[in-house]
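The listed protein sequences derive, respectively, from chains B and U. Take the position in the first sequence, starting the count at 1, then add 60; the result is the number in our numbering. Take the position in the second sequence, starting the count at 1, then add 184; the result is the number in our numbering. Note that the Cβ used here is the ideal one computed from N, Cα and C, for glycine as well. As structure tokens, the structure follows; a few thoughts come after it.
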Amino acid sequence: MPSSSADQVRINDFVIKFANVNGTGSASANSLIMKAIFRMGIPVTGKNYFPSNIQGLPTWYEIRVTKDGYAARASHVDIMVAMNAETYSRDIREVKSGGYLIYDSTWPRSALLQRGDITVIPVPLAKMVNENFDGVRNRILLKNIAYSGVLAALLDVDLKIIDSLLHESYGKKPKLLESNSKALKLGYEYVKTNLDSPLPLRVEHLDKTAGHIMMDGNTAAGLGCVFAGATVGAWYPITPSTSLMDAFKGFCDRYRVDAQTGERNFAIIQAEDELAAVGMAIGAAWNGARAFTPTSGPGISLMNEFVGLAYYAEVPCVIFDVQRVGPSTGMPTRTQQADIMLCAYASHGDTKHVLLFPANPEECFYMAVQAFDLAERLQTPVFVLSDLDIGMNDWMCPDFKWDDAYRPDRGKVLSKEEVDKLEKFYRYLDRDDDGIPYRTIPGVSSKGAYFTRGSGHNQWGVYTEDAAEYQVVLDRLRRKFTTASRYVPKPVALGKGNAKVGILSVGSCDGAVREALDTLNHQKIEVDYLRVKAFPFTIEVEAFLKAHETVFVVEQNRDAQLKSLLILETQVEKSKLVSILSYSGLPMTAQPIVDEIRAKLAEAPRLTAVTR
Amino acid sequence: MSYINKPKVAHPSLPVNDLGMTRRQYEGAMSTLCAGCGHDSVTAAMVEACWGLSLKPEQLVKLSGIGCSSKTTAYFVSGSHGFNSVHGRMPSIASGAIAANRALAYVGVSGDGDSLSIGVGQLTHAIRRNINMLYIIENNGVYGLTKGQFSASADIGTKAKKGEVNSSPPIDPVLLALTLGATFIARSFSGDKEQLVPLIQAGMRHNGFALIDVLSPCVTFNDHEGSTKSYTFTREHYSPVTEADFVPHAEAIKVNYAEGEALPVSLHDGSRVMLRKLDPDYDPTDRSAAYGYIEAKLKQNEYVTGLIHIDESDASEFHKLNKTAKTPLNAIPFEKLSPGKAALDKLMNRYR
């Protein structure tokens, strides 16, 4: 085997990228390797770069083996598993100097092997598989398992763990178990017989994944909806939110079906479009159920009219926006945070909405529950702004916890007895001076009946075109939004709090920012960090902006939408805010954050000092 | 609109229903529609129908979209919750509300613009979903609030108030519903309360989507000569094919029907519709025959009215297909909905 920098041993800290053809079943092989490493106690992240396509287009999967537990994408590739001839030339270019490339040498590609600074590892995968298995489809699938065997040998992955993973997947299908085990061994044995192994880049057992799971954010959010007691879900299929409803359905089938009668304690409606989907969620929530709709940017655009109705008529509703790359159809299978402004002010007229920003699947679970509590407490739509990276990629998270003492906050809902005690029920009266009125649920009391409308209404709940009466309600809605800032989750702060420079960020940037902070700290650069978890912004956000001379606002869109929202909705001086933006559609990495902050501090060295 | 609000005090001699309530107690806010509007007659028929059914007001939910027709849900049964939503989107609000609580009665009131133009997508999917509601289209062929534009139900050759002649073919909600598989389809006329009230009652008791297309003339923008949706034209061209009597649950059938003339149809709650066929060849349980009959009559400028099609098998009703719990979803205790700590702890092991 040719050697370059092969003598540099690096344990549990490298990136493997798989270049595959979409629709060839590579996903299960890639997750087999990732899960095996995770079970060895080593933190991993998995990022899927897939096309908007069913079969045939190129697709990549990236596994970052990270002993330090970084959640972000790495900006380099150490080992490329180049299984797609079509993308081979670009895949080989991507490998970091000193890295490795594994390819299927059944058909020689000598003309393309033009890098002396990496180690190219030929394995005749197709040949091995064709000699041992029948059937075109079968061979394609098993070739993936064969390269998993190659990797297992090269990286020193624990075979017993892979074996138990295969048993878990195919335990009930002995033929599949046999063929998969055989394919794995073919790859493994080929390396053991023909190549030096393991590589200097390899894994060793560690103890950093106990008490953790690997889960994607859509699964976590769907699970959160079940635990929150949501009973009505309405949706229209759209990437990358579809798997949220799939998860909700899966968990409902598991937890919400009466074993005796088969009756379901839930209703899932696949609507004709997103307009109808959000209408259904609003109708169900108005009628006293916890209801939600998952979608992505184009769906939010369609939902705008109804969102305004729910805001003005004060109907709770939970909307998950798993953000993808826009505008328009954009790149539906790539990630972005470009719906912040769209959601913050969705609909016509004066509207403002409560937004929650999960940073990882764990927060998707807890924020799903919080979203229902907030929506019902505040009687308004609540948006949970996840993104494709969080929603569809597997993240390592601490085990989710549940407190059986939790009861949903249904907000100010009057019972029949409470209505009976009133002289008269008025829907939009601010009795508690917090901007939140009382509501009644249909079917409970005729005395508590009221007429819900999007047309002008006064605080007594009656139609109006009177200027003063209209303004009373609109001003109360503004007060209610101020109240919301006391209920929404507070931001997460990191750092000593005395640096002159701060980073303010949101959602899935978190991993990249934390990694950048580590790097900066190693370089003795003090930076404080605040991650906002909600809009309206809480007092902590205002205080952070005030306490720092320069605040880098890190986000994943072109137009600095979070920064714009900060300028509009806080007292911050515009000139304090410096944007660090990533909008390629790929999850953000730490390096640009480090580079931009260092460049800025080089211009103004006094900022590197601390304030106190 | 009328400017005289009736006093809320009811005369002690007014007749009461099984709940001891008078018709006045089923009224709503004062109508703001034009005097003589067909929609106000439909509102009156709703009051009569709900009173006659002895419906508890809190058991009724009123839903509408936007337009003159959609305003009317404020004008009947003020003791019921109402939801005046957005233009053409009432069916989705209804779908969600019905999913949340299957135990209430749902009535949607819409118009030809709300249902056949901006809302035709939601209407068709509500029919397909077969949600359990009565959906009334107050059909007058024009947009009222925006002052007299043709709607999608305007007939070819009908003349607008300002003289424009419509050349686009109409969408007929009855034919549309027949092709989509609606299980209760009727047509009536706002000026024929005797026909309309039992249809509303039967539609409310039908388990599934019940559509009543009510020809309901617009006195301001579409009641002139040359209009095919005027009072005069409708009276001259409407043609009842069935007469329906609604017989509430547990009530014996009092009227004597001649053998072969009456067709009793049992509704799922035990009440019945006694249909008398005015055309002996007409069979309201035969969907395709009904389609052919209506279409042929339309070509002769005849609007067939009455209960046009009924299918009480209720095989495709939304909750039946969904296997929804009998207890309304909004009333299931949280403990039964949330799996709890032990289940979560166990589930975590599947993700390692």
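(message) Can you pull the chain U neighbours of B/ASP462, defined as C-beta to C-beta under 7 Å?
(response) The identity of residue 462 of chain B in the sequence shown is Trp, whereas the question assumes Asp. Near B/TRP462 (Cβ distances below 7 Å), the residues of chain U are GLY524, LYS525 and LEU528.
(request) Sort B/VAL183, B/THR302, B/ILE222 and B/GLU323 by Cα distance to B/LEU255 and report the nearest one. (result) Here the closest residue by C-alpha is B/VAL183.
(request) Have a look at the DSSP bridge pairing and note the partners of B/HIS517. (result) As computed with DSSP, B/HIS517 is found in a beta bridge with B/TYR523.
(message) Taking the alpha helix (DSSP H) that B/ARG197 belongs to, which residues open and close that run?
(response) For B/ARG197, the enclosing alpha helix (DSSP H) starts and ends at 196 to 215.
(message) Is there a C-beta anywhere in chain B that falls below 8 Å from the one on U/VAL568?
(response) Residue 568 of chain U is absent from the structure shown; chain U starts at 185 and stops at 536.
(message) Between B/MET61 and chain U, is any beta-carbon pair separated by less than 8 Å?
(response) Confidence in B/MET61 is poor, its pLDDT being 45 and thus under 50, which makes the residue's placement unreliable; the coordinate value appears in the next sentence. Taking Cβ atoms only, chain U never reaches closer than 8 Å to B/MET61, which makes this a no.
(request) Have a look at U/ALA194, U/ALA283 and U/GLU211 and flag the residue whose alpha-carbon is nearest the alpha-carbon of B/ALA327. (result) The residue from U/ALA194, U/ALA283 and U/GLU211 with its alpha-carbon nearest to that of B/ALA327 is U/ALA283.
(message) Please identify the residue among U/GLN243, U/ILE321, U/ASN316 and U/LYS240 whose C-alpha is closest to the C-alpha of U/SER254.
(response) Nearest option by C-alpha distance: U/ILE321.
(request) For the alpha helix (DSSP H) holding B/VAL317, just list the boundary residues, first then last. (result) Note, B/VAL317: premise wrong, no alpha helix (DSSP H); not H, not E.
(message) For B/ILE563, tell me which candidate among B/ASN240, B/LEU605 and B/VAL210 has the shortest Cα-Cα distance.
(response) The alpha carbon of B/ILE563 has as its nearest neighbour, out of B/ASN240, B/LEU605 and B/VAL210, the alpha carbon of B/LEU605.
(message) Quick check: what's the CA-CA separation for B/VAL638 versus B/SER229?
(response) If you draw a straight line from the Cα of B/VAL638 to the Cα of B/SER229, it is about 49 Å long.
(message) At the level of alpha carbons, what is the spacing between B/SER63 and B/ASN72?
(response) Low local confidence applies: a pLDDT of 47 at B/SER63 is under 50, so the model's placement there is unreliable, and no value is given.
(request) State the start and end residues of the unbroken alpha helix (DSSP H) segment that holds B/LEU246. (result) For B/LEU246, the enclosing alpha helix (DSSP H) has its first and last residue at 234 to 254.
(request) Would you verify that the beta carbon of U/ARG536 is, or is not, closer than 8 Å to some beta carbon of chain B? (result) Yes - at least one Cβ of chain B is within 8 Å of the one on U/ARG536.
(message) Counting only C-beta atoms, is U/ARG273 closer than 8 Å to chain B at any point?
(response) For U/ARG273, at least one C-beta of chain B is nearer than 8 Å to its own C-beta.
(message) If we require 3 or more residues per run, which beta strand (DSSP E) segments fall completely within the stretch 630 to 657 of chain B?
(response) Counting only runs of 3 or more, we get 637 to 641.
(request) Might you give, ordered along the chain, the residues of its own chain that have their beta carbon closer than 6 Å to the beta carbon of U/TYR422, omitting 5 neighbours on each side? (result) Residues PHE373, TYR487 and THR489 of the same chain have their beta carbon placed closer than 6 Å to that of U/TYR422, with the five preceding and five following residues left out of the count.
(message) Could you check whether the stretch 395 to 415 of chain U touches the stretch 333 to 349 of chain U, counting it as contact only if at least three pairs of C-beta atoms, one from each stretch, sit closer than 8 Å?
(response) Contact check between the stretch 395 to 415 of chain U and the stretch 333 to 349 of chain U: three or more CB pairs, one atom from each, fall below 8 Å, which counts as touching.
(request) State yes or no: is the C-beta of U/GLY292 within less than 8 Å of the C-beta of U/TYR319? (result) For the pair U/GLY292 and U/TYR319, the CB atoms are nearer than the 8 Å cut-off.
(message) Looking at the secondary structure, which residues open and close the alpha helix (DSSP H) in which B/GLY285 lies?
(response) According to the sequence shown, residue 285 of chain B is Cys rather than Gly. Its alpha helix (DSSP H) spans residues 277 to 288.
(request) Could you give the DSSP three-state label for B/HIS408: helix, strand or coil? (result) Coil, per DSSP.
(message) Count Cβ pairs between the stretch 301 to 312 of chain U and the stretch 352 to 368 of chain B that sit closer than 8 Å; are there 3 or more?
(response) Look at the beta carbons and you see the stretch 301 to 312 of chain U not touching the stretch 352 to 368 of chain B: under three pairs across the two are nearer than 8 Å.
(request) Tell me where the beta strand (DSSP E) around B/LEU161 begins and ends. (result) If you look at B/LEU161, you'll find it in the beta strand (DSSP E) that goes 155 to 164.
(message) Between B/PHE511 and chain U, is any beta-carbon pair separated by less than 8 Å?
(response) With 8 Å as the cut-off, B/PHE511 counts as an interface residue toward chain U.
(message) For U/THR227, would you say it is in contact with chain B, using Cβ-to-Cβ distances shorter than 8 Å as the test?
(response) No, its Cβ sits nowhere closer than 8 Å to a Cβ of chain B.
(request) Rounded to whole angstroms, what's the CA-CA distance from U/CYS402 to U/SER215? Just pull it up for me. (result) So the two alpha carbons sit approximately 15 Å from each other.
(message) So, at 6 Å on beta carbons, what are the nonlocal neighbours of B/ASP570 in its own chain, with the 5 sequence-adjacent residues on each side left out?
(response) Excluding residues within five positions, the ones whose Cβ falls inside 6 Å are ALA419 and ARG591.
(request) Just the chain U side, please: which residues come within less than 7 Å of B/ARG722 by C-beta, in chain order? (result) The structure shown does not extend to residue 722 of chain B, since chain B spans only 61 to 672, so no value can be given for it.
(request) Would you kindly work out how many angstroms separate the C-alpha atoms of U/TYR327 and U/GLU378, rounded to a whole number? (result) Answer to the nearest angstrom: the Cα atoms are 27 Å apart.
(message) Check this for me: beta carbons of B/ALA594 and B/PHE460, under 8 Å apart or not?
(response) In this structure, B/ALA594 keeps its C-beta atom at 8 Å or more from the C-beta atom of B/PHE460.
(request) Determine which residues of the stretch 312 to 332 of chain B have a Cβ less than 9 Å from any Cβ of chain U, and write them out in chain order. (result) Per Cβ criterion, the list reads ARG314, TYR315, ARG316, VAL317, ASP318, THR321, GLY322, GLU323, ARG324, ASN325, PHE326, ALA327, ILE328, ILE329, ALA331 and GLU332.
(request) Could you tell me the distance, in whole angstroms, from the CA atom of U/ASP376 to the CA atom of U/ASP429? (result) Taking the straight line joining both Cα atoms gives about 14 Å.
(request) For U/TYR290, name the three-state secondary structure that DSSP assigns. (result) Strand.
(request) Please report the Cβ distance between B/THR84 and B/ILE200, rounded to the nearest whole angstrom; I am assuming they are in contact, meaning their Cβ atoms lie under 8 Å. (result) Contact flag correct, Cβ pair sits at about 5 Å.
(message) Which residues in chain B have a C-beta closer than 8 Å to the C-beta of U/THR256? List them in chain order.
(response) Chain B residues near U/THR256: none, gap ~12 Å exceeds 8 Å.
(request) May I ask which residues mark the beginning and end of the alpha helix (DSSP H) holding B/THR94? (result) It should be noted that the sequence gives Met, not Thr, for residue 94 of chain B. B/MET94 -> alpha helix (DSSP H) spans 86 to 99.
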